[in-house]
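Protein chains in written order, with my numbering: chain A, 1 to 417; chain B, 418 to 741.
Pasting the structure below:
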C-alpha cells in the first residue's frame with residue numbers, strides 16, 4: 001500500500017529519532033520532572049524537621065484545645081496540651097531554645113473573641129503553615145462561639161455548599177475544578193507537543209536542504225512523498241513518546257500514589273487527582289486532536305523549512321504560524337470559563353485553533369457531540385488544504401537556494417508547482 | 418528518429434535564473450555505454466545541465482529524455498546521481514545510510530546491506546560499517562556517498578565533479594571503478610573542470626563555455642582533426658618570433674612550449690621565422706593537442722569571463738591554473 005520509498009523515509013525518520021539519546025532523555029526524564037514539579041513542593045511543604053512539627057499548646061481558655069488539636073494533627077503537627085502556668089511556660093521557652101520542640105502557642109480569652117494567638121518559635125514557619133495555624137485557631141474559636149448559639153458548626157465551617165442543578169437540555173456533566181485542570185493542562189500539553197514535533201519536522205527539512213542530501217533523495221522520489229514520509233515518521237515518534245508517557249502515568253497512579261499516601265497519610269488529598277483523570281474516551285479525543293493538529297502544523301512547518309536556507313531565516317519565517325498556536329493558548333482560560341458562548345464555539349471550530357480550544361471545551365464536558373464531529377471534519381479538510389499548499393511550497397522551496405521568497409513569490413510557487 | 422539509442426538526450430534546453438542565462442539552447446546526446454565528459458570552467462552551466470537531467474531543475478525551454486522515455490519514470494531505478502555538493506545524514510551509521518539510499522530506489526533492505534558491505538570492503542572502509550557517518554573523514558564520507566549512488570546498480574551514472582575533494586590515490590581508485598562500470602556496459606556522464614582526468618577517461622566530450630556548447634565530439638577523432646593545430650617546440654635563443662600573427666597562444670608545457678595555431682596557419686612559415694630570428698631548435702613537432710588546448714582554441718581563454726557571470730569570473734581563472 002505505502003510506496004517503498006515513503007516507507008523507507010518513515011522508517012529512517014522514526015528509528016533515527018527513537019534511538020537518539022535526546023528522545024530517551026525527553027521521554028523518561030520529562031514526566032519525572034513534571035511529576036517532581038507537582039509532588040515535591042507538596043511533599044516538602046508537609047515535611048519538616050520532626051522537632052518543628054512538635055507543637056505545645058498552652059490553652060488558657062479550656063475549650064479551644066479539643067477543637068484545635070484534631071485540625072492540627074490532620075495538618076501534620078504533633079500537638080500536646082500544656083497547663084497555663086508560669087513555670088510550664090518557662091520550661092517550654094527553654095525547650096524551644098534547645099530545639100527540643102518546634103514551638104508553643106498561647107491561647108487565652110482574647111483568642112476566643114478575636115482569633116488572635118501567639119506562637120513562640122525559633123524559626124518562622126513557612127507561609128503555608130502560618131496560614132494553616134491561623135485559620136485553625138480562628139476556626140476553633142468560631143466553632144466555640146457558634147456552638148454557643150446552637151448553629152450547625154460543621155456545615156458552616158466546611159464552607160457551606162452550593163449545589164448546582166443543570167436545567168439546560170445539553171448533554172454533559174458539570175465542570176468542577178478537576179475538569180478545569182484536565183482541560184487547561186491538556187490544552188497546554190497539546191500546544192507544547194504539537195509545537196515541539198512540528199518544529200522537528202521543520203528542522204529536519206531544513207537540515208536536508210542545507211546539507212544538500214535532498215538532491216539525491218528528490219531524484220528518486222517525489223518531493224510530496226518525501227514530505228509525507230517525514231511527517232508520518234516524526235508523528236510516529238510523537239505517538240510513541242505519548243504512549244510511553246501514558247503508560248508511565250498509569251503506572252505511577254496505580255502503584256506510586258497508594259504507596260505515597262501510605263507513607264504520608266497527610267497527603268491523602270492526592271487521591272482526589274485520580275478521580276479527575278480523563279477516561280478512555282477523552283484520551284482518544286486527545287489523541288485525535290493531537291494527530292490532526294500535528295498534521296496541520298507540521299505541514300506548515302515543513303513548508304517553512306523548505307523555503308528557508310538557515311536557522312535564523314526559519315526562526316523569522318515561522319512566526320506567523322507560531323501565532324496561530326499562541327493565540328488559542330492565550331484564549332484558553334476564557335474558553336474554559338465560558339465554553340458555550342457563540343464566540344467560544346466558533347473560535348474552537350476554526351481548524352488551527354481547534355486542537356487547543358476544542359479540547360478545552362471537550363474536557364470541560366459541555367460540548368454537543370455534533371460539534372466534536374464537525375471539529376474533526378473541519379480539521380481534516382484543513383489538513384488536506386494545508387497539505388496541498390505546503391506540498392507545493394515544499395516542492396519548489398526544497399531545491400531552491402538563495403534568498404527566502406516573498407509572499408508574492410510564494411503565491412507564484414503555489415500556482416506554478 | 419528514435420532516441421532509444423541514447424541514455425540521455427537533451428533537446429534545445431534553456432535555463433535562466435532571473436536575467437542570467439545558465440544554459441542556452443543546449444543539445445546533448447549521450448549514447449548508451451559510453452563515458453561522456455561534460456567539460457568547462459566553473460560557472461559555465463555544467464551543474465545546471467546535470468540538475469535538469471536529474472529533474473532537480475525544470476528547463477525553461479526544451480526537453481529531457483532518459484532512455485527514450487519520460488525521465489520521471491526512468492530516473493529512480495536506472496540512474497545513479499552523485500551531486501557536486503556532497504550531502505549525507507551525519508548521524509546515521511554508514512551501512513544504514515547506504516541501505517536507505519538503496520531502499521528509496523527499490524533495493525530491498527537485505528540486498529542493500531549485502532551490496533553495501535561488499536562495496537565498503539572494496540573501497541577499504543569495511544570496518545566503518547557500524548560507525549556514524551560524522552566520525553568519518555571527508556574523503557571517506559565521499560566514498561559512502563558514491564556507494565549510495567551505485568547501490569541500485571544503475572544503467573546510467575551521472576557524476577558531478579566526482580574527483581574533486583579526493584586525494585590522488587582515491588582519484589585513481591575512482592577512475593578504476595568508473596572504468597569497471599564502463600566495462601559492464603554502464604553509461605557514464607560526468608562533469609569535471611580537470612581536463613587531464615577527462616582526457617584519460619572519456620570517449621566523448623562536450624565542452625561548455627558561457628552556458629553554450631562549444632564542442633561535442635568523439636575524443637579520438639577530435640584530437641586527430643585538431644592535430645595540425647599544435648606544435649611542440651624546444652629551442653635556445655631569442656623568442657620574439659613567437660609573436661607572429663598565426664600563433665594564437667603559447668602554453669608552457671613540460672620540456673618546452675606548445676604553440677597553439679590559428680586556423681590555416683602555415684607551420685613551415687613559423688619554423689622559417691624562428692630559424693631566421695636565430696633560434697636553435699631542439700624540437701619542432703606537430704603534436705596531438707591536449708584537451709585543454711582544444712578548448713582554448715574553440716572557446717578562447719576569456720570566454721568564461723565574458724558574460725559577466727560573477728561565479729564564472731574568478732572560477733574560470735582557477736580552471737586554467739589547475740591545468741598547467
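Cβ atoms here follow ideal geometry from the backbone N, Cα and C, with glycine treated the same way. On a predicted model such as this, the values are computed, not experimentally measured, just so you know.
- N- and C-terminal bounds of the beta strand (DSSP E) containing residue 558 of chain B: Not the beta strand (DSSP E): residue 558 of chain B falls in the alpha helix (DSSP H), residues 555-567.
- What are the boundary residues of the alpha helix (DSSP H) that includes residue 155 of chain A? Unbroken alpha helix (DSSP H) run through residue 155 of chain A: 153-157.
- Task: Please compile the residues from chain A whose C-beta is within a distance smaller than 8 angstroms of the C-beta of residue 509 of chain B.
- Result: In chain order: 12 and 16.
- Task: Please state if the CB of residue 703 of chain B and the CB of residue 647 of chain B are separated by a distance shorter than 9 angstroms.
- Result: Cβ atoms of residue 647 of chain B and residue 703 of chain B: closer than 9 angstroms.
- Give the residues of chain A in contact with residue 743 of chain B, contact being defined as C-beta atoms less than 7 angstroms apart. Residue 743 of chain B lies beyond the residue range present for chain B, which begins at 418 and ends at 741; the question has no answer from this structure.
- Query: Within this structure, are the beta carbons of residue 561 of chain B and residue 519 of chain B separated by less than 9 angstroms?
  - Reply: With respect to the 9 angstroms criterion, residue 561 of chain B and residue 519 of chain B are not classified as neighbours on the basis of their beta carbons.
- Query: Using a beta-carbon distance below 9 angstroms, is residue 655 of chain B in contact with chain A?
  - Reply: No, residue 655 of chain B does not count as interfacial toward chain A.
- Should residue 437 of chain B go down as buried or exposed, given a rule of 16 or more other Cβ atoms within 10 Å for buried? Its Cβ having fewer than 16 others within 10 Å, residue 437 of chain B is exposed.
- Query: Would a C-beta distance cut-off of 9 angstroms place residue 9 of chain A and residue 299 of chain A closer than the cut-off?
  - Reply: Residue 9 of chain A is not a Cβ neighbour of residue 299 of chain A, given a cutoff of 9 angstroms.
- Which same chain residues, not among the five before or five after residue 614 of chain B, have their C-beta less than 7 angstroms away from its C-beta? Taken in chain order, the residues that qualify are 580.
- Range covered by the alpha helix (DSSP H) that runs through residue 515 of chain B: Note, residue 515 of chain B: alpha helix (DSSP H), 511-520.
- Given that residue 440 of chain B touches chain A, what residues does it touch there, using C-beta distances under 7 angstroms? What residue 440 of chain B touches in chain A: nothing, since even the nearest Cβ is about 16 angstroms away.
- Rounded to the nearest angstrom, how far is the Cβ of residue 79 of chain A from that of residue 57 of chain A, given a contact under 8 angstroms? With 8 angstroms as the limit, residue 79 of chain A and residue 57 of chain A qualify as a contact, their Cβ atoms being about 6 angstroms apart.
- Taking C-beta pairs closer than 7 angstroms, name the residues in chain A that residue 500 of chain B reaches, listed in chain order. By Cβ distance, chain A contributes 212, 215 and 216.
- Query: Based on the DSSP output, what are the partners of residue 54 of chain A in its beta bridges?
  - Reply: Per DSSP, A:78.
- If we count Cβ pairs, one from each stretch, closer than 8 angstroms, do we get three or more for the region 589-596 of chain B versus the region 675-691 of chain B? Verdict: no, contact absent.
- Query: Which residue from B:475, B:640, B:482 and B:465 puts its Cα closest to that of residue 449 of chain B?
  - Reply: Here the closest residue by C-alpha is B:482.
- Item | Within 9 angstroms, strictly: CB atoms of residue 34 of chain A and residue 139 of chain A | Contact flag unset, no.
- Query: By Cβ distance, which residues of its chain are closer than 8 angstroms to residue 147 of chain A, with the 5 residues on each side in sequence left out?
  - Reply: Cβ neighbours of residue 147 of chain A beyond the five flanking positions: 153.
- Message: Runs of 4 residues minimum, wholly inside the region 468-542 of chain B: which ones carry the alpha helix (DSSP H) assignment?
- Response: The region 468-542 of chain B contains these whole alpha helix (DSSP H) runs: 488-495, 511-520 and 526-539.
- Message: Quick check: residue 479 of chain B and residue 512 of chain B, are their CB atoms within less than 9 angstroms of each other?
- Response: Their beta carbons are not under 9 angstroms apart, which means residue 479 of chain B does not touch residue 512 of chain B by this criterion.
- Query: Under three-state DSSP, which class holds residue 100 of chain A?
  - Reply: Residue state, collapsed to three classes: coil.
- Message: 9 angstroms is my cut-off, CB to CB: does residue 484 of chain B come that close to chain A?
- Response: For residue 484 of chain B, the answer is no, since every Cβ of chain A falls outside 9 angstroms of its Cβ.
- Query: Which partner residues of residue 118 of chain A appear in the DSSP bridge assignment?
  - Reply: By DSSP's assignment, residue 118 of chain A forms a beta bridge with A:106.
- Would you decide whether residue 721 of chain B is buried or exposed? Buried here means 16 or more other CB atoms lie within 10 Å of its CB. Residue placement at residue 721 of chain B is poorly supported in this model, since its pLDDT is 36, which falls under 50; the coordinates are not used for a value here.
- Message: For residue 359 of chain A, tell me which candidate among A:286, A:416, A:296 and A:323 has the shortest Cα-Cα distance.
- Response: Checking every option, the nearest Cα to that of residue 359 of chain A belongs to A:286.
- Item | Separation of residue 296 of chain A from residue 418 of chain A, as counted between CA atoms | Because residue 418 of chain A is not part of the residues shown, which for chain A are 1 to 417, the question remains open.
- According to DSSP, what are the bridge partners of residue 648 of chain B? In the DSSP assignment, residue 648 of chain B forms a beta bridge with B:676 and B:703.
- Which partner residues of residue 430 of chain B appear in the DSSP bridge assignment? Answer by DSSP bridge pairing, in chain order: B:443.
- Task: Count the other C-beta atoms from every protein chain shown that fall within 10 angstroms of the C-beta of residue 600 of chain B, then say buried if there are 16 or more, exposed otherwise.
- Result: Residue burial is scored here from C-beta neighbours: residue 600 of chain B has fewer than 16 other C-beta atoms within 10 angstroms and is therefore classed as exposed.
- Message: Classify residue 192 of chain A: buried if its beta carbon has 16 or more other beta carbons within 10 angstroms, exposed otherwise.
- Response: Burial call: exposed.
- Item | N-terminal and C-terminal residue of the alpha helix (DSSP H) that residue 124 of chain A is part of | No alpha helix (DSSP H) contains residue 124 of chain A, which DSSP labels as neither H nor E.
- DSSP three-state call for residue 248 of chain A: helix, strand or coil? Collapsing the DSSP output to three states places residue 248 of chain A in a helix.
- Check whether the Cβ atoms of residue 606 of chain B and residue 620 of chain B lie closer than 9 angstroms to each other. Contact flag unset, no.
- Task: With 9 angstroms as the threshold, decide whether the Cβ of residue 5 of chain A is near any Cβ in chain B.
- Result: Yes, residue 5 of chain A lies at the interface with chain B (some Cβ there is under 9 angstroms from its Cβ).
- Excluding the five sequence neighbours on either side, which residues of its own chain have a C-beta within less than 8 angstroms of the C-beta of residue 195 of chain A, listed in chain order? Non-local C-beta neighbours of residue 195 of chain A in its own chain, meaning closer than 8 angstroms and more than five positions away in sequence, comprise 297, 322 and 325, ordered along the chain.
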